[in-house]
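Chemist: First, the structure itself, so that you have it in front of you.
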Amino acid sequence: MTAQPLHSIEENVESQTALFESILELIRRTSTQLPDDVVNAVTGARKDEVKGSNADVALDVIGCNIVLARDSSLPLCQDTGTILFYIHTPVGYDQLALEETATEAVRAATKKGYLRQNSVDGVTGKNTGDNTGPGSPVFHFHQWRESYVEVKLMLKGGGCENMNAQYSLPHPDFGGRDLRGVENAIL
């Protein structure tokens, strides 16, 4: 008895094409649209502000940007950030092929302007211009016993973790420009 392929070559090509289109649309929506609850929160917050105040003007600009991004399929943010895929696949699913398809969708999304060209190689500092390269996009695969593939996407802008402090040494509270000063400033 010979093993039979699960799907014909034509079915696999059609399946990969459909997967590519689905991931491309996921990227477009994630980059250009906010969930309704977030849009409603921005709209509601503006109603609470004094007309013409800095907060009112800022929320108005944000609201206009939300509409423009959605209607024009343009990124909501100047930094579309690190591209992270969280993918559940059935046991035995070809995760390498899925990773290749998703990477091609990232390239296409960048070319179409859904993503900004901002992934940079951490070692060379080189920007590939298509958001792909070593470590980009990031993939987290998980197997499950369901019969379908689930793809979730997070675009994690650089500012989302921009919680830091800066100290100059010598510093009166931490010490001199030496190892002890560095340890005191960090710890």
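Using the numbering used here, you'd call the opening residue of the sequence shown number 18 and step up by one each time. C-beta: ideal position from N, C-alpha, C; glycine also. Since the model is a prediction, treat every value here as computed from it, not as a measurement.
By DSSP, does L172 sit in helix, in strand, or in coil?
Modeler: strand
Chemist: Mark T205 as exposed unless 16 or more other C-beta atoms lie within 10 angstroms of its C-beta, in which case mark it buried.
Modeler: Residue 205 cannot be examined here, being either before or after the span of the chain that is shown, 18 to 204.
Chemist: Considering only residues of the stretch 72 to 143, which uninterrupted beta strand (DSSP E) runs meet the minimum length of 3 residues and lie entirely inside it, listed in chain order?
Modeler: 99 to 107
Chemist: With distances taken from CA atoms, which of P187, A182, M171 and A122 is nearest L51?
Modeler: M171
Chemist: Report the residue from D65, N71 and S164 whose alpha carbon sits nearest the alpha carbon of Y110.
Modeler: Of the listed residues, the one whose Cα sits closest to Y110 is S164.
Chemist: Look at V166 and T106 and say whether their C-beta atoms are less than 7 Å apart.
Modeler: yes
Chemist: Three-state secondary structure (DSSP) at L196?
Modeler: L196: helix per DSSP, three-state reduction.
Chemist: Per DSSP, Q160 forms a beta bridge with which residues?
Modeler: T106
Chemist: Can you check DSSP and say which residues form a bridge with V155?
Modeler: DSSP, once it has assigned bridges, lists L101 as partnering V155.
Chemist: Using the rule of at least 16 other Cβ atoms within 10 Å of the residue's Cβ for burial, across every protein chain shown, is S136 buried or exposed?
Modeler: When all chains shown are included, S136 counts as buried.
Chemist: Which same chain residues, not among the five before or five after F191, have their C-beta less than 8 Å away from its C-beta?
Modeler: Y184, G198, N201 and A202
Chemist: Got a sec, what are the start and stop residues for the alpha helix (DSSP H) T149 sits in?
Modeler: It is not in any alpha helix (DSSP H) - T149 carries neither H nor E in the DSSP assignment.
Chemist: Using C-beta distances below 8 Å, list every residue in its chain close to L132, excluding the 5 sequence neighbours before and after it, in chain order.
Modeler: I44, S48, P92, T97, I100, V123, A126, N148 and L172
Chemist: Cα separation between D6 and I83?
Modeler: Outside the displayed range of the chain (18 to 204) lies residue 6, so it cannot be described from this structure.
Chemist: Measure from the alpha carbon of G139 to the alpha carbon of each residue in I79, G152 and Q160, then state which is nearest.
Modeler: G152
Chemist: Check whether the Cβ atoms of G174 and C94 lie closer than 7 Å to each other.
Modeler: yes
Chemist: From this set, G193, T145, Q112 and K143, which residue's C-alpha is nearest F158's C-alpha?
Modeler: Looking at the Cα atoms, Q112 is the closest of the given residues.
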